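Heads up, the thing below is written out as structure tokens.
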Amino acid sequence: MSGYFSTPKSNLAMRHRVGGVWKAIFFLSTAIGLLALAVLVITILDDVFGLVAVVDKVDRTTLADRPLEDLEKDELLAILDKKVSVNRLRTIQRNGGFTLDEIPAGEVYELVIAEVVKPTVEESYPLFDSLFKRAEIEAEVAQKHPDATIYFYSWLNQRFLTNSMSTTPQLAGVRTALFGSLWIIVITVAFAFPIGVGAAIYLEEYASRSWVNRVIQTNIDNLAGVPSIVYGILGLAIFVRTLSALTSGKAFGVEGVETGRTVLAAGLTMGLLVLPILIINAQEAVRAVPNSLRQASYGLGATQWQTIWHHVLPSAFPGILTGTILAVSRAIGETAPLILVGASSLINKDPQGIFSYFTALPIQIYNWTSRPQAEFRNIAAAAIIVLLVVLLSLNAVAILTRNRLTRRAP
Amino acid sequence: MTETLEKQHLAIETRDMHLFYGHFRAVKDVDLQVIPQKITAIIGPSGCGKSTVLRSFNRMNDFVPSFHMEGEVLFHGQNIYATDVDPVMVRQRIGMVFQKPNPFPKSIYDNVAWGARINGFKENMDDLVEQTLRQAALWDEVKDDLRKSGLSLSGGQQQRLCIARALAVKPEIILMDEPCSALDPIATLKIEDLMRELSEQYTIIIVTHNMQQAARASDHTAFFTMDEDRAGIMVEYGETNQIFTNPRDKRTEDYITGRFG
Amino acid sequence: MTETLEKQHLAIETRDMHLFYGHFRAVKDVDLQVIPQKITAIIGPSGCGKSTVLRSFNRMNDFVPSFHMEGEVLFHGQNIYATDVDPVMVRQRIGMVFQKPNPFPKSIYDNVAWGARINGFKENMDDLVEQTLRQAALWDEVKDDLRKSGLSLSGGQQQRLCIARALAVKPEIILMDEPCSALDPIATLKIEDLMRELSEQYTIIIVTHNMQQAARASDHTAFFTMDEDRAGIMVEYGETNQIFTNPRDKRTEDYITGRFG
Amino acid sequence: MPRETLDRQIRQLQDEVLLLGSMVEQALLRSVEALRQRDVAAAQKIIRDDLAINEKRYALENAILILIATQQPMAHDLRLLAAILEVNIELERMGDYAKGNAKVVMQLGDSDIQVPMREISRMAELAVGMLHRSLSAFVAEDATLAHAIPEEDELVDALYNQTYRMLVEQMIARPEMIDHVNLLIWVIHNFERAADRVTNICERTVFIATGELFEMDTDDLEDIE
Amino acid sequence: MPRETLDRQIRQLQDEVLLLGSMVEQALLRSVEALRQRDVAAAQKIIRDDLAINEKRYALENAILILIATQQPMAHDLRLLAAILEVNIELERMGDYAKGNAKVVMQLGDSDIQVPMREISRMAELAVGMLHRSLSAFVAEDATLAHAIPEEDELVDALYNQTYRMLVEQMIARPEMIDHVNLLIWVIHNFERAADRVTNICERTVFIATGELFEMDTDDLEDIE
Amino acid sequence: MENQIVKQQVIRMESAEQLVIHKLRKRPRLGETFIQGFLFFCGAVSIFTTIGIVFELGKESLLFFQMPGVTLVEFLTKTEWQPTIGKFGVLSLINATLMTTLFAMLVALPLGLGAAIYLSEYATPRARSILKPVLEVLAGVPTVVYGFFALTTMTPLLRAIFGEQVQVYNTLSAGLVMGIMILPLVCSMSEDALSAVPRSLREAAYGLGATRLETAVQVVVPAALSGIIAAFILGVSRAVGETMIVALAAGSGPNFTFDPFQAAETMTGYIARISGGDVSYDTPDYNSIFAIGLLLFTSTLLLNVISRRLVARFREVYE
Ligand SMILES: Nc1ncnc2c1ncn2[C@@H]1O[C@H](COP(=O)(O)OP(=O)(O)OP(=O)(O)O)[C@@H](O)[C@H]1O
Ligand SMILES: Nc1ncnc2c1ncn2[C@@H]1O[C@H](COP(=O)(O)OP(=O)(O)OP(=O)(O)O)[C@@H](O)[C@H]1O
Ligand SMILES: [Mg+2]
Ligand SMILES: [Mg+2]
Ligand SMILES: O=P([O-])([O-])[O-]
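Residue numbers (our numbering), protein chains in the order written: chain U, 42 to 451; chain F, 5 to 265; chain L, 5 to 265; chain D, 10 to 234; chain Y, 10 to 234; chain V, 4 to 322.
And the structure:
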């Protein structure tokens with residue numbers, strides 16, 4: 042400091058030093074948060090990809106003189122006929138809803154691998170070990186499983202997406218869970234969106250200050266903070282038990298479903314769970330519409346509904362939409378309530394309608410995570426990636442839609 | 005001035021009007037007679053109830069749940085607070101322009117057309133839009149692109165758009181609550197000139213914090229202040245020229261010369 | 005007027021000052037010489053860069069990342085933008101009062117004391133608080149309860165509290181950016197009277213939209229406007245009396261008579 | 010360009026000033042005519058009409074005050090209004106001179122005094138002409154013209170001195186007429202002062218145009234008044 | 010109570026008016042003294058001092074304009090300023106009368122004309138007294154007092170008539186003195202007009218106090234001027 | 004002539020008056036009434052939800068407490084929880100919940116507030132516009148993923164540091180990961196509170212010659228305090244109610260211990276475990292989850308109410 046600004050008594054140097062130290066501390070906090078995110082992502086990736094040591098139950102070379110991949114469809118069918126019992130084949134066709142004649146060679150090949158070759162992963166290694174300690178791994182495998190083949194494997198692959206549940210990690214897939222989650226979401230949105238937006242409009246536009254409305258508002262705010270597992274208990278008690286006639290479809294003459302542990306019950310439970318969040322988000326969007334807009338409308342002699350329909354809703358729509366998508370992404374990731382309303386991770390039949398039993402992505406993750414075998418951890422990680430991708434794309438859609446809508450109506 | 009006027013010659017007449025928010029009497033006992041096709045200004049210190057009075061003229065206060073009123077507000081001799089009167093209809097006849105320009109986030113065209121449309125206007129909308137934009141002295145500035153958003157205009161233009169929008173509903177009276185307080189001095193003067201032109205066809209009532217504005221732009225001025233119990237009262241009402249050169253009441257004098265409080 | 009003044013007699017002097025936001029030149033080539041212990045008003049149409057100029061006097065613009073400046077702002081002959089000058093120190097010497105009253109959500113006492121405390125004030129704080137509140141013509145109104153929150157005061161009182169708070173740091177110059185635009189006319193006049201009193205000890209620079217305020221309250225007036233490329237330029241600078249009765253520049257005349265734009 | 014109201018009102022005021030000016034001009038000219046004709050009735054009418062001039066003066070003054078109070082004129086507008094105020098006062102005073110002349114006519118009755126009608130007429134024409142042009146300059150804010158007019162005052166002064174001498178001679182010749190002659194001295198004096206006042210109007214014109222107030226030189230004998 | 014600046018500036022203006030008033034009073038009284046003493050030097054001084062009066066008048070006028078431009082006075086404040094403007098003009102004119110008297114003193118030289126000193130002194134005293142009190146009333150905004158003062162004008166008028174007659178007799182008696190006597194008639198006329206102008210000041214006082222502008226009655230012979 | 008004009012005008016106006024009276028008259032708007040009724044119903048749905056929750060929880064809890072051997076006192080004071088053998092001391096579950104919550108908040112509070120201050124007071128707008136959403140991604144990650152993370156990363160990490168005394172399932176790991184999960188919530192809410200403090204307040208401080216730190220800590224944080232506290236409390240509530248992380252990482256099996264390295268089951272973990280299989284209705288197990296649910300519901304409700312009060316107070320000052 043020079044000239045006029047240098048006062049000897051100034052305490053500024055000290056103050057700037059203290060300021061610098063704390064700035065570093067604050068930055069560190071932020072950095073740790075970011076670090077956590079990074080570690081989380083790495084952990085997952087670490088488990089999804091990596092080396093596996095695989096041992097085939099039946100030696101492939103005994104099945105054909107060429108590599109199995111190169112065989113024609115009828116050759117593959119021949120192998121199946123030879124090695125798999127007729128009953129088993131029938132079961133497979135019934136469960137899958139296809140006949141062997143229809144399906145392409147690729148799928149037949151898959152069947153051959155699954156039913157005949159039956160490869161088992163004896164050992165799987167995380168990504169980073171696989172990359173940096175390949176030699177050690179090879180040595181270890183050579184010693185422990187002399188007849189295993191080692192190759193680099195992505196647990197997240199096409200089969201994983203299209204297969205349904207299986208007790209064999211390599212064969213297990215998330216198709217059923219994915220469909221389950223989608224069904225739940227559709228029901229959730231169909232239930233919660235109209236009611237949520239309606240409630241938000243009621244509270245923001247119509248509600249007077251009467252005690253009824255105050256109670257409603259307070260109630261919604263508090264419901265938003267109720268732990269999801271409590272909703273699960275509620276869903277269990279109401280939708281699964283008390284209303285089981287409705288949720289199992291018995292009341293509508295649907296056969297084959299015994300209890301209320303259906304997609305419908307799960308969707309409704311999720312609907313209740315996201316409803317307060319959706320209402321609050323929508324309320325915020327409606328509230329963000331400047332009052333001046335309403336006044337302008339009323340001042341022109343518009344009725345209340347004209348005002349809402351023509352001005353408030355269009356202006357609030359981007360906000361409502363984002364709010365809804367955010368609420369939905371919450372619903373996709375929720376696990377606890379689904380555990381309570383009885384998602385079963387062992388289901389391998391896609392839900393056929395709202396009265397089906399179901400499983401869902403997070404349930405699948407939960408289930409696989411809590412199993413002891415290492416390979417389930419790998420597919421849990423793969424399922425997590427699927428889940429995160431779904432979430433991120435939903436969010437991306439939300440952001441894009443909002444941007445487009447706001448640009449059009451600035 | 006007003007005694008000689010027949011009631012059908014008044015644009016708005018209040019009788020023993022008291023305005024309340026809950027138990028708080030915000031405005032006390034106002035007998036105001038607004039002359040048609042003139043500009044009437046309401047001035048007074050902050051919180052004296054100017055806006056409350058103005059908003060009682062087209063029942064905008066209905067949206068404040070705690071609000072209620074006593075007395076009468078006569079429009080064409082009819083009390084607009086009578087039970088069989090529809091406030092929506094009142095607001096069609098008595099338009100309003102607000103403090104902050106608040107165009108709809110729509111095109112300029114739709115801003116003007118919307119009010120007419122919901123009120124069942126069936127004739128040529130293009131003509132109406134052009135005509136009202138001309139009336140609001142905005143046509144020349146926007147005619148090249150009526151599809152542009154109303155929000156893309158400058159503050160002063162937005163306010164004139166809001167005026168055009170109000171005109172399109174064909175009101176008789178236009179209420180303005182500090183219409184220029186968000187504008188710069190030049191835009192303000194433009195709006196004032198516009199008001200002057202409009203007053204040939206419309207009755208205009210304007211609330212303003214800006215005494216100079218009331219002085220410049222109005223024909224009649226009502227001065228409000230608060231009495232001891234914080235209720236707004238009308239102290240003096242008369243020709244603007246008289247109020248600003250020779251007010252009759254000491255409180256008016258103190259206020260307009262800046263010696264109040 | 006200013007040519008005869010030695011530079012150490014100027015409160016602030018700018019030389020070839022250009023102010024930029026990113027690539028946009030908001031203010032162009034200002035040579036302004038602010039006379040100490042006088043009130044200097046900066047007026048001009050919206051967006052002409054008044055606030056930008058004012059905030060460049062105590063480096064408040066540093067907080068706008070895109071901001072940069074060319075030229076010099078001299079305070080006691082030293083360029084406050086020199087690399088070895090600490091902006092914190094500049095702001096201690098050149099205080100600021102803002103458009104909206106912004107007292108801290110603390111007690112009245114703490115509002116006044118805080119600035120002094122962080123700047124290492126070691127003497128009797130009670131005395132300082134009383135003295136600055138007196139200077140700001142607020143003491144009598146608040147002395148009974150200095151523990152009350154600053155936010156519980158009325159708008160005009162809050163603004164005076166903000167002035168007191170600025171005074172407590174013992175600045176030489178007080179910058180005010182439209183300090184009355186959120187106040188009613190009476191509170192406004194009170195602040196103006198206060199400014200007049202303070203100008204015996206402090207140099208005051210005030211930005212105002214309100215020409216009348218500049219006319220009433222200032223000794224010197226600088227008129228800014230925008231040139232074709234939207235950059236702010238200083239058109240005329242002189243004694244307030246002269247600017248308002250007999251401006252030299254046509255643009256000034258047009259602006260103050262309301263014939264601009 | 011806003012401020013239409015102010016501009017319109019200022020134009021109205023200027024028109025009113027011109028109107029007042031022409032009323033005064035008429036009154037002055039009519040007072041000469043009344044003197045020529047010894048027309049007492051016409052003189053009475055002039056006196057009555059002066060009331061209208063006075064009223065107009067007050068009305069104008071009031072309008073200016075209202076304009077200042079309501080329109081916040083600044084700079085040029087304000088100077089203009091202040092100038093109108095001053096011109097207004099001057100015109101009213103000139104109206105009084107016409108009234109004074111009319112009273113002289115009434116007091117003279119049909120006394121057989123010799124009225125130097127040619128000179129008085131000439132003075133009146135000169136003064137009224139100056140007044141007329143000064144008001145044109147005033148409204149047009151023509152500083153150049155305004156600067157030129159006061160110079161004509163010399164002509165009026167010369168005429169005044171000449172006529173004064175004639176009248177004094179008459180006094181000496183006919184002492185019984187002294188009272189009446191004195192009245193005629195008032196008359197020529199009134200015109201001389203009227204011309205004088207025109208100077209003030211010109212001063213104001215320069216003031217509006219430039220913002221500078223300065224006294225134009227009229228330093229001549231008649232200052233003994 | 011805000012508006013301290015405006016109040017202070019208005020008070021200053023009023024003080025200035027009083028100052029100007031006392032300058033004018035002095036000038037009038039000194040002109041009588043100069044006449045009594047036939048003191049040409051004193052007369053010259055009065056004429057020189059009139060410049061100061063004129064200057065003060067312009068300064069005051071300018072200050073009022075600035076005040077109107079910068080302080081936006083309304084209602085009473087504005088009326089006060091307008092009134093000061095008018096009073097200011099009247100005072101300057103009265104200053105001119107004193108100057109006129111001084112010029113008369115210079116022209117009389119040591120002529121042996123009989124000056125009715127007693128009457129002139131008395132007129133001057135009366136007029137200056139009225140002026141003084143009218144200014145007090147003006148500053149105090151005392152409408153009652155302002156109403157009372159113009160009535161005294163009758164005294165001045167009576168004295169004027171009386172002195173005028175005396176002077177006319179002197180004319181008749183000494184026709185060679187007519188020119189000089191005429192000068193004395195100017196002098197008494199000046200005082201009579203000064204008293205007249207006081208009426209205008211009183212009018213303004215009432216105007217400030219009540220906002221009503223109306224002409225006070227001064228309908229008497231001297232209107233022939 | 005003039006009179007006539009006036010008269011005509013009067014007549015014109017009178018007919019206008021008729022028109023006006025006619026026009027101003029109310030007309031029924033059935034559609035609007037119907038819509039309003041429907042919207043009210045939408046609002047009321049949430050009330051039914053609450054009633055449902057309270058009723059079901061209450062009803063089943065009542066059944067629970069009516070079962071032989073269950074008393075409220077025992078429930079709330081005993082530390083052993085073995086419903087199948089008639090031990091109903093919920094303290095062990097509560098204790099585990101509190102421990103995980105404590106660990107979570109020890110992570111989330113300082114880091115969340117620190118990050119919030121950094122983002123709102125130090126980061127450039129550009130940096131903030133990138134960093135904040137990135138941090139909020141953390142908040143959007145489903146909790147089951149955090150459970151996975153705790154199990155596969157945090158626990159091995161802890162074992163690497165503290166050795167074998169750390170059990171595979173332990174409250175510390177669950178708590179720390181829960182802290183990471185809650186951090187963005189605390190950060191985001193605090194940051195909202197901080198940036199809701201008007202810019203003018205900061206400018207006021209800077210204008211008095213304050214440094215950034217002084218402004219942030221002595222002006223902005225106090226001004227936003229109630230908002231920050233609300234964030235903390237909401238964080239606590241979230242931690243108490245969190246299920247999946249503890250279900251996966253804290254261990255299954257009630258255990259009354261203060262050792263963070265030991266496994267211990269929390270309330271939520273217990274509910275999830277019991278209902279995970281096909282519980283048969285009207286067993287002690289089944290009923291007990293309602294009792295615990297009720298406990299959970301009331302405690303989180305309380306926390307939420309407090310938090311909301313604080314936010315409301317905060318809003319009052321600045322909006
Ligand atoms: N919605 C409301 N509820 C309760 N009181 C209100 C409401 N609106 C205004 N008030 C009160 O009524 C009084 C008059 O308010 P109003 O807004 O009409 O005053 P105003 O003269 O327009 O003031 P300003 O000049 O500040 O706009 C005030 O005391 C105000 O606090
Ligand atoms: N932070 C900023 N970033 C970019 N441009 C800015 C910023 N602040 C102001 N400007 C621009 O700089 C110019 C001058 O702005 P400034 O606020 O100084 O004007 P002003 O004269 O104070 O206007 P007003 O009277 O409306 O306050 C304007 O064009 C404005 O858009
Ligand atoms: Mg208001
Ligand atoms: Mg600004
Ligand atoms: O009008 P005057 O009496 O001053 O000539």
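We treat Cβ as the ideally placed atom computed from N, Cα and C, and that holds for glycine. None of the values given here were measured: they were computed from a predicted structure.
Residues of chain F with a Cβ closer than 9 Å to the Cβ of Leu-117 of chain Y do not exist, since the nearest Cβ in that chain sits about 49 Å away. If you ignore the 5 residues before and after Arg-29 of chain L, its C-beta comes within less than 8 Å of the C-beta of His-22, Leu-23, Asp-233 and Ala-235, all in its own chain and listed in chain order. Among the residues facing chain U, Gly-166 of chain V is not included, as its CB has no counterpart in that chain under 7 Å away. Following the DSSP letters along the chain, one finds Arg-29 of chain F inside the beta strand (DSSP E) bounded by residues 28-34. Within the region 206-221 of chain V, the residues whose Cβ lies closer than 8 Å to some Cβ of chain L are Glu-206, Ala-207, Ala-208, Tyr-209, Gly-210, Leu-211, Gly-212, Ala-213, Thr-214, Glu-217 and Gln-221, listed in chain order. Any heavy atom of ligand 1 counts here; residues with a Cβ closer than 5 Å to one of them, in chain order, are F:Tyr-25, F:Ala-30, F:Ser-50, F:Gly-51, F:Cys-52, F:Gly-53, F:Lys-54, F:Ser-55, F:Thr-56 and F:Val-68. Cβ neighbours of Gly-159 of chain F within its own chain (closer than 8 Å, five residues either side excluded): Pro-105, Ala-186, Leu-187, Asp-188 and Ala-191. Non-local C-beta neighbours of Ala-415 of chain U in its own chain, meaning closer than 7 Å and more than five positions away in sequence, comprise Ser-165, ordered along the chain. Put simply, the CB of Pro-49 of chain L is near chain F, with a gap under 7 Å to one of its CB atoms.
Within the DSSP secondary-structure output, Val-95 of chain U pairs in a beta bridge with U:Val-162 and U:Thr-190. Listed along chain Y, the residues sitting closer than 9 Å to Asn-71 of chain D by beta-carbon distance are Leu-222.
Identification of chain Y residues near Gln-81 of chain D by a Cβ-Cβ cut-off of 7 Å yields Gln-81, ordered along the chain. Setting aside the 5 residues that flank it on each side, Ile-185 of chain V is surrounded in the same chain by Ala-107, Ala-111, Gly-238, Arg-241 and Ala-242, each with a C-beta closer than 7 Å to its C-beta; the list follows chain order. In the structure shown, Ser-95 of chain V falls within a helical segment according to DSSP collapsed to helix, strand and coil.
Using a Cβ-Cβ cut-off of 7 Å, Glu-145 of chain F does not count as an interface residue toward chain Y, since no Cβ of chain Y sits closer than that to its own.
The region 359-376 of chain U makes contact with the region 309-320 of chain U; the number of CB pairs closer than 8 Å reaches 3 or more. Look at Gln-82 of chain F here: in three-state DSSP terms it is strand. With at least 16 other beta carbons inside 10 angstroms of its own, Ala-118 of chain V counts as buried. At a cut-off of 7 Å between beta-carbon atoms, Gly-119 of chain L makes no contact with chain U. Sixteen is the threshold: since fewer than 16 other Cβ atoms of the shown chains lie within 10 Å of the Cβ of Trp-252 of chain U, the residue is exposed. Judged by DSSP secondary structure, Arg-12 of chain Y falls outside any alpha helix (DSSP H); it is assigned neither H nor E.
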